[in-house]
Amino acid sequence: MNLGIINRPFTGTTKIYAISDSHQETRKTRTFLSKILNDSKNDKNVLFLNCGDIFKGIYPRELERDSYIKMKEAKPDIEIVITLGNNDFGFDKEGLDYLIETVKNFTKNGIKTVCANIFKSDGLRPDWLKPYTIVERDGDRTFITGFCIDNINTAKFGIISKKQFSVLDEIKSAIVKEEPDNVIILNHDYMPASREIVKTCRENGINIDVVIGGHDHDIVPADTELNIYYPRSFCDSMYKMDLINGNGKNKLQNVNEIKVEKLKISQTFAKELEEYEKSSGLLDNIAPYILDLTKKYSKPCPLGSFLADEMQKVSNSDIAFFSTGFLMKPMPYKENSYITNYLFKRTIIAENPIKTVELNSKQLKEVFQNALKSNGYGKSNPKFLQCSNNIRIEGTNHPEEKFWEVKQIYINNEPLLDENSNPISDRKYKCAIESYIAEGGQGFTTLQSEVKRDVIINNSPVKINEVLINGLKEAPLKYKKGSSYPQFEIKEI
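Here you go:
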C-alpha cells in the first residue's frame with residue numbers, strides 16, 4: 027500500500043538539538059541544556075529531542091528529571107520531546123512507578139513524552155504515554171514518534187514493549203491523517219533497526235526526515251543518506267541541525283556533532299550539582315588505577331572477567347557470570363591517577379545482590395545458549411554474559427539462521443559435554459550470578475526456575491558494585507601497574 031504525504035507550501039526553519047542515553051550524567055546534560063538556552067535566546071523555533079535512557083546512572087534521578095523542567099521554565103517556548111529507553115522503566119515496581127510519575131510531571135510542565143510500541147498487558151496503551159505528538163512552529167507541523175527496544179522487564183507489572191514493526195502501520199496511518207511537513211523518529215534501538223524502519227517507510231510512501239537513535243553505547247557513525255544520527259551515549263556529544271522547509275521540500279542542513287568537553291555549564295544549572303558533588307563525595311578518590319580493564323559489550327573482556335572472578339571468590343563458587351549490561355564504561359589504566367567515586371559509577375551503578383545457584387551441565391548449556399543464540403558474541407547482543415576466566419565456550423555460527431550453537435563448555439579446562447554436545451555427568455556447579463538474570467531477566471528462564479541463595483557477609487547481602495569496588499581496592503596488592511587481566515574465552519569451531 028502506497029501512503030503519500032501531502033506537501034505543504036509553508037516555509038520555516040526548525041533548529042534541532044538531540045541527545046541520547048544520558049544515564050543521569052546530569053552535569054553533562056545540564057551543560058548541553060546551558061548551550062541550547064544560550065544559543066536560542068532570541069529564537070522561538072527550537073526543538074530539543076531526547077532518545078531515551080535518561081535514568082540509570084550517576085547523579086540522583088531527581089536532578090536529571092528536574093533538568094528538563096528547569097529548561098522549560100527558563101524558556102517556555104522551547105519544544106522538548108522525549109522517548110523512553112529500556113533503562114527508564116527501572117528494574118522493579120518502584121522504578122516503573124517513578125517513570126510514570128516523571129512522564130506525568132513532564133506533561134504537566136509542557137514536556138512531551140512519546141513511545142509508540144509500549145502497551146499494557148491488556149493490549150491497550152497506557153493513559154500516561156502518547157504514541158506521537160505534533161509540534162507546530164513557524165508555520166510547520168512536525169510529527170514526532172518514538173520507539174523503545176523490545177527489551178524491558180516489566181511484563182509482571184502490566185507493561186510490555188512490542189516490536190517496532192508491529193505498530194508501523196498504525197504510525198503510517200497517523201502520519202497520513204496528520205499531513206505533517208516533517209516526520210521525526212526517536213528510535214531507542216541499534217542502527218540496523220533504524221535503517222530498516224526508514225527503508226520500510228519509504229517503500230510505503232512515507233518520508234522520514236530525521237531519525238535520532240539511541241541505546242548503543244558504542245560510537246555509531248551517522249547514516250547521512252538516510253538522515254540517521256546517534257548522539258554519543260552518556261551525554262558525550264549532542265547533535266545540532268536545521269530542518270528547513272521551502273516550496274514543499276524539506277532539507278536538513280548545518281548538521282554538527284558537538285562534544286561536551288568543549289562547553290561550559292551555566293551557574294543556574296551548576297549550583298545543585300556542586301552541592302551534591304560535595305555532600306556525596308562524588309569526586310573523592312577510591313583507589314589507584316592498577317589494571318587495564320578494557321570493556322566490550324558483546325565479547326569477552328578483561329573488565330567483565332575481573333568482576334566475574336571477584337563474584338566467584340566472594341561467594342566461594344565454581345564459576346560466575348553476569349549480564350553484560352551492568353558494565354557501562356571501561357576502566358582503562360591511567361598512570362599515576364586515581365579512580366574516583368564518579369569514575370567508578372561511570373563503570374557500574376547497579377546495586378543488585380549476588381546470588382548463587384547450582385546448575386548441571388545441561389542447565390549451563392541452556393544458559394549459555396540463551397546468551398549466544400541470536401547475536402552470538404558480536405556487536406550489540408544485550409543477552410551476552412560476562413564470565414569468570416575459568417570458562418571456555420566453543421560453538422558453531424549459523425549466520426543464515428541467525429543462530430550461534432553452543433557445542434562445548436569447559437570449566438578449568440575440563441569438558442562438560444561429549445562429542446554430541448550431551449552432558450558427560452550430572453555433576454552440579456555452584457554459580458555466582460546477579461539478581462537480574464536470576465529472576466529471569468533477558469529470558470534466562472533456566473535460572474528463574476532454580477533455587478537461589480543470597481551471598482551474606484556481616485549479616486548483609488553482597489551487592490555487585492561492592493564486589494567490584496573491593497576488587498579494585500585490593501588490586502594494588504596483587505597486580506603490577508598497567509597489566510591486563512585475563513578474560514574468559516569463546517571460540518568458534
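Per the working numbering, the sequence shown starts with residue 27, numbered consecutively. Glycine is no exception: its CB is placed at the ideal position from the N, C-alpha and C atoms. Bear in mind that the values here come from a model prediction, so they are computed numbers and not experimental data.
Comparing alpha-carbon positions, the option among THR250, ILE238, LEU278, GLU251 lying closest to SER263 turns out to be ILE238. A straight-line Cα-Cα distance of about 13 Å links CYS413 and LYS321. Cβ-Cβ distances below 6 Å link VAL193 to ALA142, ASN143 in the same chain, with the five nearest sequence neighbours on each side left out; the list follows chain order. Within a 10 Å sphere around the beta-carbon of TYR364 sit fewer than 16 other beta-carbons, which makes this residue exposed.
Beta-bridge analysis with DSSP links VAL107 to LEU75, LYS138. Where CYS227 is concerned, there is no enclosing beta strand (DSSP E), although the alpha helix (DSSP H) around it starts and stops at 217 to 229. Between CYS327 and GLN513, the C-beta spacing is below 8 Å. In chain order, LYS266 place their CB closer than 6 Å to the CB of ASN282, counting only its own chain and leaving out the 5 sequence neighbours on each side.
Per the coordinates, the alpha-carbon of ILE234 lies some 11 Å from the alpha-carbon of LEU278.
Excluding sequence positions up to five before and after PRO502, its CB lies within less than 8 Å of the CB of ALA313, PRO314, ILE316, all in the same chain and listed in chain order. Nearest to GLN50 by C-alpha distance, out of LEU73, ASN71, SER93, LEU75, is SER93. Under the three-state reduction of DSSP output, SER48 falls in the coil class, being neither helix nor strand.
If one requires a minimum length of 4 residues, the alpha helix (DSSP H) runs lying completely within the segment 136 to 223 are 194 to 204, in chain order. With fewer than 16 other beta carbons inside 10 angstroms of its own, VAL477 counts as exposed. By the criterion of a C-beta distance shorter than 7 Å, LYS371 is surrounded in its chain by ILE84, once the five residues flanking it on both sides are discounted. Across the set LEU411, GLN434, GLU426, ASN407, the C-alpha of GLN434 shows the shortest separation from the C-alpha of GLU420.
When the five nearest sequence neighbours on each side are left out, the beta carbons in the same chain lying within less than 6 Å of the beta carbon of LYS388 are those of PRO449, in order along the chain.
Around the beta carbon of GLU336, a 10 Å sphere encloses 16 or more other beta carbons of the protein chains shown; the residue is thus reported as buried.
Under the three-state reduction of DSSP, GLU392 is assigned to helix. Residue pairing by DSSP places GLN434 opposite GLU420 in a beta bridge. If you ignore the 5 residues before and after VAL140, its C-beta comes within less than 8 Å of the C-beta of VAL107, ILE108, THR109, LEU155, LYS156, PRO157, TYR158, THR159, ILE170, THR171, GLY172, LEU212, all in its own chain and listed in chain order. With fewer than 16 neighbouring CB atoms inside 10 Å of its own CB, ARG479 falls in the exposed class.
The three-state secondary structure of MET97, taken from DSSP, is helix. In this structure, ARG258 is the residue among GLU298, GLY272, ARG258, LYS297 with its C-alpha nearest to the C-alpha of ILE284. Beta-bridge partners of GLN279 (DSSP): ASP268.
Taken atom to atom, the span from the alpha-carbon of GLU251 to that of ILE45 is near 20 Å.
Here the segment 73 to 91 lies against the segment 47 to 63, with 3 or more beta-carbon pairs under 8 Å apart.
In this chain, LYS381 is not harboured by any alpha helix (DSSP H); it is covered by the beta strand (DSSP E) spanning 380 to 386.
Of the other Cβ atoms in all chains shown, fewer than 16 fall within 10 Å of the Cβ of PHE191; this residue is therefore exposed. Of all alpha-carbon atoms in ASN71, LYS506, ASP195, the one lying nearest the alpha-carbon of ASN271 is that of ASN71.
Taking each of ARG418, VAL209, LEU122, ILE175 in turn and checking the Cα distance to ARG167, the smallest one comes out for VAL209. Short of 7 Å from the beta carbon of ASP452, and not among the five residues preceding or following it, lie these beta carbons of its own chain, in chain order: ASN386. By the Cβ neighbour-count rule, HIS214 is buried, with 16 or more other Cβ atoms within 10 Å of its own. In the DSSP assignment, LEU369 falls within the alpha helix (DSSP H) that extends over 367 to 373. Annotation: GLU88 to GLU460 spans about 26 Å, alpha carbon to alpha carbon.
A residue is called buried when at least 16 other Cβ atoms come within 10 angstroms of its Cβ; ARG228 does not meet this threshold and is exposed.
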